[in-house]
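Engineer:
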Amino acid sequence: IKQLEEHAFDGLGHLRLLYMDENQLEKLPEGLFSGLEELQILELQHNRIKEINDDQFVLCPMLRELNLSANMISTFNMSQLQSLNKLETLDIARNYLDEVFVTKYLRTLNAQENQISRIVMDQGDFFQLTHLNLSRNNIANINNIFKFRNLIELDVSYNELVTLDFVIFAFMKNLKDIKLNNNRLWILDN
Numbered sequence: 001i002k003q004l005e006e007h008a009f010d011g012l013g014h015l016r017l018l019y020m021d022e023n024q025l026e027k028l029p030e031g032l033f034s035g036l037e038e039l040q041i042l043e044l045q046h047n048r049i050k051e052i053n054d055d056q057f058v059l060c061p062m063l064r065e066l067n068l069s070a071n072m073i074s075t076f077n078m079s080q081l082q083s084l085n086k087l088e089t090l091d092i093a094r095n096y097l098d099e100v101f102v103t104k105y106l107r108t109l110n111a112q113e114n115q116i117s118r119i120v121m122d123q124g125d126f127f128q129l130t131h132l133n134l135s136r137n138n139i140a141n142i143n144n145i146f147k148f149r150n151l152i153e154l155d156v157s158y159n160e161l162v163t164l165d166f167v168i169f170a171f172m173k174n175l176k177d178i179k180l181n182n183n184r185l186w187i188l189d190n
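Sequential numbering from 1 applies to the sequence shown in UniProt numbering.
1. Measuring straight from C-alpha to C-alpha, what distance separates L87 and S157?
2. Starting from D10, follow the beta strand (DSSP E) in both directions and report where the run begins and ends.
3. Go through its chain and collect everything with a Cβ distance to C60's Cβ below 8 Å, but skip five positions before and after it.
4. Rounded to the nearest angstrom, what separates N159 and L4 at their Cα positions?
5. Give me, in chain order, the residues of the same chain whose beta-carbon lies closer than 7 Å to that of V58; leave out the 5 immediate sequence neighbours on both sides.
6. Are the Cβ atoms of residue 210 and R48 separated by less than 8 Å?
7. Candidates N23, R16, A8: which alpha carbon is nearest G31's?
8. Can you list, in chain order, the residues of its chain whose CB lies under 7 Å from that of K104, leaving out five sequence neighbours each side?
9. Taking L134 as the reference, which of N183, M62, Q45 has the closest Cα?
10. Which partner residues does L18 have in the DSSP bridge list?
11. Across which residues does DSSP place I178 in a beta bridge pair?
12. Once DSSP output is grouped into helix, strand and coil, what is the label at N143?
13. Taking the C-alpha atoms as reference points, what is the distance between H131 and M78?
14. To the nearest angstrom, how far is it from the Cα of K173 to the Cα of N141?
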């Protein structure tokens, strides 16, 4: 599939799973997912998508899993995901994003192999995130991740970290795995 028409899925209001991976999609037309109010899993990985419209997914309130990995996405206003309080898993790995936005409802976020240098967070302190993969990006500072108190796994390997204050991990009582390899760490504050 190379192209989809606007409202291509009209009349499929009870659709729960939609797999469109391994195609040649370059664009997602506005309104493509309107009417898919019961959609829970959307797989769009391994396409050629370059940008995501500002309100592309807001009409999918039941969305739990969204996979956009292995595309060419450089434009994606991720704050649109704030209204998706059921979204638990987001995979945006292997794209060209320069920042990542973390909502308080996400449990698993895979954003490896992008160009991310900035982590932006939803308002508040009650984040559900348990698994965070930010490996192979351009991140120089992770001192704001102390808000992710439920983290079990954190991968920030292959980044630009130079200093790290281990106090940020004191708030993460469930943390079992930390990957810091292949950074530029030489000063470890305590």
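Think of the CB as a built atom: it goes at the ideal place given N, C-alpha and C, for glycine as much as any other residue.
Structural biologist: Working from what's here:
1. 25 Å
2. Unbroken run through D10: none, as it is neither H nor E.
3. F33, L36, E37, L39, L42, L84
4. 37 Å
5. Q80, S83
6. The structure shown has nothing for residue 210, since the chain only spans 1 to 190.
7. A8
8. D122, G124, F126, F127, Q128
9. N183
10. L42
11. L154
12. helix
13. 18 Å
14. 21 Å
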